[in-house]
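Read through the structure below, which is laid out as structure tokens, and then see the notes.
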Amino acid sequence: MALPNINPTTTNAWKKLQEHFENVKDVHMKDLFAQDSDRANNMTIKWDDFYVDFSKNRITKETLSYLLELTKDVKLKEAIQAQFSGEIINKTEGRAVLHTALRAPKTAEFKVDGVNVVLEVQAVKQKIEAFTNEVVNGIRKGYTGKAFTDVVNIGIGGSDLGPAMVVDSLQYYKNHLTTHFVSNVDGDHVNEVIKKLDPETTLFVVVSKTFTTQETLSNANTLKTWFLKSADSSAIAKHFVAVSTNIDSVKNFGIDENNVFPMWDWVGGRFSLWSAVGLTVSLAVGYSNFASLLKGANKMDNHFKNEDFENNIPVVLALISVWYNNFFKAESEAVIPYSQYLNQFATYLQQGIMESNGKSIDRNGTPVDYETGTLIWGEPGTNSQHAFFQLIHQGTKLIPADFIGFTKSLHGNQDHQDKLISNFLAQTEALLNGKTEAEVIAEGTKEDIIPFKVFQGNKPTNTIFINKLSPESLGKLIAMYEHKIFVQGIIWNIFSYDQFGVELGKQLASKILQEFNNSTVNEHDSSTQNLLSYYKKMS
Ligand code: F6P
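Each residue of the sequence shown is one higher than the last, beginning at 3 in my numbering.
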């Protein structure tokens, strides 16, 4: 079965939502709370170690019922079934979408062209486990017989952001290996990393699904050249491993076939950290923690696949986001983790969300006449409170936000934890209630200052409260957003798993590069031409 192909705006549910929106768009959440003492209980999903409170949204029971009706009208259930059963739902690239198979138990069955891929996945997992143990335990050594101390992950996009975010988020669980991430084609990036490396004790993990990506190949070549200043080429087999679907190109690069960790075309780059793309994660935190990350994601997969939509966390979050995006016309969403460990989380989500749903052609091949993918951004609280929260509280834009917090801190400093969580709770309360003119006056504010101190409130938030940051809970959290992306792509009737939009810039860059290297002259607009000439003169 192909994915359903339904313009959401032509459905009955959409029409009901449009009418309903006109009635509720100005309602203040404060009133909704005042009218229903059970609102928070009714709008909270408790699942495993997750407590998801979505009551601080500009929605009523009716809104939810129409949004749930929309899932029926766009055939979301059938779409989920198509995804999990290995249908070619990435139609524009002719591929299945089965990152869920990477975290399924050994006994599961995920078929691509009639073949159960779980067996191949298990074989690669065993290879990751054995390799990780050898490196971490110092059994696998460098060319001078010393154990490895450093691991350099060379990749970009999905081959960098996922592993980098997870290693950073799980630094509490890290072992003695120091990890580095080289992604940008900016040579200053790789050279700054080189300054910290010793060739005798550094392991290089080249991660590229296609093994054609300019940035990754340039960085890998630069690091290989640097390495070969100290070692001879026979040492490459000890120090360089690769993760790719393109085994021939990996071999051409000079990496031993035994050092290749395969992946599959049914895993999209931005959903690939669960595959051998996560090798650096496994090396950094040990295989059993990597396995727990996968286990957590698998639990979320089962929740998503089996739970009724009204209690289904990714589905409910996706629907609320559609409500703001398509009816309130909110342009962006913020993700604010109250954990410094999740410093890179929003950056990671940007690729997942914006590369997937930043599309304007529907599944019929025609331009959409409604809004699709949201802009996503964020930084950890409390830092972000002192940076951009002013605009969320008192600016003119509506910015729905996800607040992610952990009830327990990892180092157990209760004083800091209480202060952190008091901020976490206070911000969503402030965003909900705001501050009235009467309250400002009651504080004894000078008359001419009063309007500046009023907060309208009515700013929507979801609170995602998790017991503790662990590999397993992080796995659940990432998978939660992956499924949210899927649901939204289905509703917007777009293909979420291609990324043709990144190609044009790449093509033009390679043309311009030729102009730097030889006398080729291409035609450009006058602005680009001037800039190009300026660079040639100044560089
Ligand atoms: O920028 C586009 C993209 O294809 C991403 O989707 C992908 O994650 C990244 O480039 C890296 O690709 P690869 O793993 O093939 O080097």
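C-beta atoms are modelled at their ideal positions from N, C-alpha and C, and glycine is treated no differently.
C-alpha distance - residue i paired with residue j, whole-angstrom precision
{"i": "residue 377", "j": "residue 333", "result": "6 angstroms"}
{"i": "residue 473", "j": "residue 516", "result": "45 angstroms"}
{"i": "residue 391", "j": "residue 430", "result": "11 angstroms"}
{"i": "residue 74", "j": "residue 306", "result": "16 angstroms"}
{"i": "residue 109", "j": "residue 409", "result": "34 angstroms"}
{"i": "residue 354", "j": "residue 259", "result": "30 angstroms"}
{"i": "residue 451", "j": "residue 441", "result": "13 angstroms"}
{"i": "residue 439", "j": "residue 304", "result": "48 angstroms"}
{"i": "residue 96", "j": "residue 90", "result": "6 angstroms"}
{"i": "residue 179", "j": "residue 68", "result": "51 angstroms"}
{"i": "residue 195", "j": "residue 11", "result": "50 angstroms"}
{"i": "residue 140", "j": "residue 209", "result": "22 angstroms"}
{"i": "residue 278", "j": "residue 116", "result": "23 angstroms"}
{"i": "residue 522", "j": "residue 511", "result": "14 angstroms"}
{"i": "residue 485", "j": "residue 541", "result": "46 angstroms"}
{"i": "residue 327", "j": "residue 66", "result": "15 angstroms"}
{"i": "residue 505", "j": "residue 374", "result": "20 angstroms"}
{"i": "residue 459", "j": "residue 83", "result": "40 angstroms"}
{"i": "residue 266", "j": "residue 292", "result": "19 angstroms"}
{"i": "residue 401", "j": "residue 393", "result": "9 angstroms"}
{"i": "residue 310", "j": "residue 414", "result": "36 angstroms"}
{"i": "residue 19", "j": "residue 495", "result": "17 angstroms"}
{"i": "residue 55", "j": "residue 369", "result": "35 angstroms"}
{"i": "residue 159", "j": "residue 272", "result": "7 angstroms"}
{"i": "residue 1", "j": "residue 232", "result": "There is simply no residue 1 to check, as the chain begins at 3 and stops at 541 in what is shown."}
{"i": "residue 46", "j": "residue 330", "result": "22 angstroms"}
{"i": "residue 48", "j": "residue 444", "result": "39 angstroms"}
{"i": "residue 501", "j": "residue 121", "result": "29 angstroms"}
{"i": "residue 157", "j": "residue 219", "result": "8 angstroms"}
{"i": "residue 483", "j": "residue 17", "result": "27 angstroms"}
{"i": "residue 244", "j": "residue 264", "result": "8 angstroms"}
{"i": "residue 119", "j": "residue 132", "result": "20 angstroms"}
{"i": "residue 206", "j": "residue 428", "result": "45 angstroms"}
{"i": "residue 227", "j": "residue 236", "result": "13 angstroms"}
{"i": "residue 234", "j": "residue 257", "result": "14 angstroms"}
{"i": "residue 8", "j": "residue 365", "result": "8 angstroms"}
{"i": "residue 230", "j": "residue 519", "result": "26 angstroms"}
{"i": "residue 188", "j": "residue 508", "result": "15 angstroms"}
{"i": "residue 465", "j": "residue 313", "result": "15 angstroms"}
{"i": "residue 436", "j": "residue 420", "result": "23 angstroms"}
Beta-carbon proximity list for residue i, same chain, < 7 angstroms, skipping 5 on both sides
{"i": "residue 396", "result": "457"}
{"i": "residue 513", "result": "524"}
{"i": "residue 34", "result": "41, 62"}
{"i": "residue 489", "result": "78, 316, 317, 320"}
{"i": "residue 123", "result": "103, 104"}
{"i": "residue 213", "result": "246, 248, 251, 252"}
{"i": "residue 183", "result": "155, 162, 166"}
{"i": "residue 288", "result": "134, 138, 177"}
{"i": "residue 503", "result": "360"}
Contact set for residue i: own chain, Cβ-Cβ below 8 angstroms, skip 5 residues either direction
{"i": "residue 425", "result": "340, 383, 384, 387"}
{"i": "residue 337", "result": "347, 348, 351, 378, 379, 380, 403, 404, 406"}
{"i": "residue 151", "result": "178, 179, 180, 200, 203, 204"}
{"i": "residue 38", "result": "44"}
{"i": "residue 371", "result": "11"}
{"i": "residue 434", "result": "31, 32, 35, 58, 459, 460, 461, 463"}
{"i": "residue 29", "result": "60, 62"}
Short CB-CB distance (under 7 angstroms) between residue i and chain C
{"i": "residue 299", "result": "Reference to chain C is not applicable here, since this structure consists of a single protein chain."}
Close Cβ partners of residue i (< 6 angstroms) along its chain, the five nearest in sequence each way excluded
{"i": "residue 270", "result": "499"}
{"i": "residue 71", "result": "15"}
{"i": "residue 52", "result": "468"}
{"i": "residue 92", "result": "99, 499"}
{"i": "residue 171", "result": "343, 344, 476"}
{"i": "residue 174", "result": "412"}
{"i": "residue 274", "result": "160"}
Inter-residue CB distance, residue i and residue j (contact presumed, cutoff 8 angstroms)
{"i": "residue 217", "j": "residue 186", "result": "7 angstroms"}
{"i": "residue 241", "j": "residue 181", "result": "Incorrect: roughly 15 angstroms between the Cβ atoms, too far for contact."}
{"i": "residue 130", "j": "residue 284", "result": "5 angstroms"}
{"i": "residue 302", "j": "residue 481", "result": "4 angstroms"}
{"i": "residue 221", "j": "residue 192", "result": "5 angstroms"}
{"i": "residue 282", "j": "residue 153", "result": "6 angstroms"}
{"i": "residue 5", "j": "residue 81", "result": "5 angstroms"}
{"i": "residue 296", "j": "residue 276", "result": "6 angstroms"}
Near the ligand GDP: residue i beta-carbon under 6 angstroms from a heavy atom
{"i": "residue 175", "result": "No copy of the ligand GDP occurs in the structure displayed; its ligands are the ligand F6P alone."}
(Q) For a minimum of 3 consecutive residues, which ranges assigned as the beta strand (DSSP E) are wholly contained in the segment 145-211? (A) As far as the segment 145-211 is concerned, its whole beta strand (DSSP E) runs of at least 3 residues are 152-156, 180-184, 204-209.
Q.
As an exercise, report each continuous alpha helix (DSSP H) stretch of at least 4 residues that is fully enclosed by the segment 503-533, in chain order.
A. List check, alpha helix (DSSP H) in window: 505-519.
Q | Sequence ranges, alpha helix (DSSP H) only - wholly within the segment 28-93, length at least 4 | A | List check, alpha helix (DSSP H) in window: 31-37, 41-44, 63-75, 78-86.
Q: At 4 residues or longer, and completely inside the segment 350-405: list those alpha helix (DSSP H) runs for me, N to C.
A: Listed in chain order, the complete alpha helix (DSSP H) runs (minimum 4 residues) inside the segment 350-405 are 391-396.
Q | Complete alpha helix (DSSP H) runs within the segment 254-338 (minimum length 4 residues, chain order) | A | Listed in chain order, they are 281-287, 289-308, 315-324.
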